[in-house]
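Here's the structure we're looking at; comments come further down.
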Amino acid sequence: MTKAKDLAKYILTITEKSPKKFRFTLVVRIQNYILDGIEKMLGHTKVDTTLQYAMVEQNNVKLVHTKFLS
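Each residue of the sequence shown is one higher than the one before, starting from 1 at the first, in the working numbering.
So this is what it looks like as structure tokens:
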């Protein structure tokens, strides 16, 4: 198995075995990435679907914007 599959298998055994919960955890951990990149990675066709997983805080938006402009 690949490392990603091994990690997914491990996470599913220690959580409530919910693919949605796994995806939610993944998105929370990578919130500092650009939203459309997350959308593509998850295979969503609409950003609204991705936003269901994202908990965006105003400070994070400012930080990402500052990094983008640097």
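Just so it is clear, CB atoms sit at the ideal spot from N, CA and C, and this is done for glycine as well.
In this text, all values refer to a predicted model and were calculated from it rather than measured experimentally.
| Query | Result |
| --- | --- |
| Where I38 falls, given that 16 or more other Cβ within 10 Å makes a residue buried | buried |
| Secondary structure of K62, DSSP reduced to three states | helix |
| Alpha-carbon to alpha-carbon, R23 and V47 | 15 Å |
| Cα-Cα separation between Q52 and H44, rounded to whole angstroms | 11 Å |
| Inter-residue spacing [alpha-carbon to alpha-carbon] between I30 and L7 | 16 Å |
| Straight-line Cα distance separating L35 from T50 | 8 Å |
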